[in-house]
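Peer 1: For the sequence shown, counting from 1, position 118 maps to 118 in the numbering used here; every step adds exactly one.
My structure is below; once you've seen it, I'll send some questions.
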Amino acid sequence: MREYRTDDRGIPDPTGRPWWAANEVLAFVLELAALACLSWWGFHAGDGNLARQLLLAVGIPALAIALWGLFAAPRARIRLPRAGVLAVKAVVLGGGAFGLYLVGHPAGAVALAVVMVVNTALVETFRHRPAPGKRHRPAPGADEAAERDG
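Quick look at the structure:
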């Protein structure tokens with residue numbers, strides 16, 4: 001059986017918790033859905049001007065990807081406290097649901113938003129807990145970072 005490394009910053013060990021791994025996959029799918037909804041909304045917001053439609057359809061998701069990569073990804077360039085990461089996730093994921101609402105699908109937007117909130121709550125609740133029966137080993141330098149961050 002393959003052994004998973006847990007010493008990479010921000011990447012927890014998925015072994016022992018298949019429900020957790022499935023929820024992580026769902027989180028990724030929801031992130032992609034948010035980007036698709038942002039793109040769809042951007043295209044509709046272009047008001048019939050093809051150049052503007054394409055610019056918004058590509059630009060808005062690109063901005064969301066940049067925000068996510070800088071602040072919310074597991075290996076984000078800029079490490080924010082959990083509240084900051086959740087704020088970025090709310091902007092990107094909530095923006096996707098709101099974009100779906102703006103293109104004329106309010107019921108789908110509400111359903112998507114509910115699934116996103118539940119999924120994000122589960123991900124954030126269980127991401128930092130060790131699997132049952134596994135001893136948690138902090139990453140090298142975690143003690144210094146915890147002291148520095150307060």
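Even glycine gets a Cβ: it sits at the ideal position worked out from N, Cα and C.
When you compare the CB positions of Trp-41 and Gly-99, do they come within less than 7 Å of one another, or not?
Peer 2: yes
Peer 1: If the criterion is Cβ atoms closer than 7 Å, does the pair Ile-60 and Leu-32 meet it?
Peer 2: no
Peer 1: On the three-pair Cβ rule with 8 Å, is the segment 112–121 touching the segment 54–74?
Peer 2: No: fewer than three Cβ pairs fall under 8 Å.
Peer 1: In angstroms with no decimal places, state the Cα-to-Cα distance between Ala-73 and Ala-34.
Peer 2: 15 Å
Peer 1: Is it buried or exposed, Arg-64, if we count other Cβ atoms within 10 angstroms and call 16 or more buried?
Peer 2: Reading off the sequence, residue 64 comes out as Ala, not Arg. Its Cβ being crowded by 16 or more others within 10 Å, Ala-64 is buried.
Peer 1: Looking at Leu-67 and Val-85, is the spacing between their C-beta atoms short of 7 Å?
Peer 2: For Val-85 and Leu-67, no; Cβs fall outside 7 Å.
Peer 1: Would you please state the rounded distance, in angstroms, between the beta carbons of Ala-90 and Tyr-101? I believe it to be under 8 Å.
Peer 2: The pair is not a contact, with the Cβ atoms about 15 Å apart (cut-off 8 Å).
Peer 1: What ranges does the alpha helix (DSSP H) occupy inside the segment 28–73, keeping only unbroken runs of at least 4 residues that lie completely in it?
Peer 2: 50–67
Peer 1: With DSSP as the reference, label Arg-75 as helix, strand or coil.
Peer 2: coil
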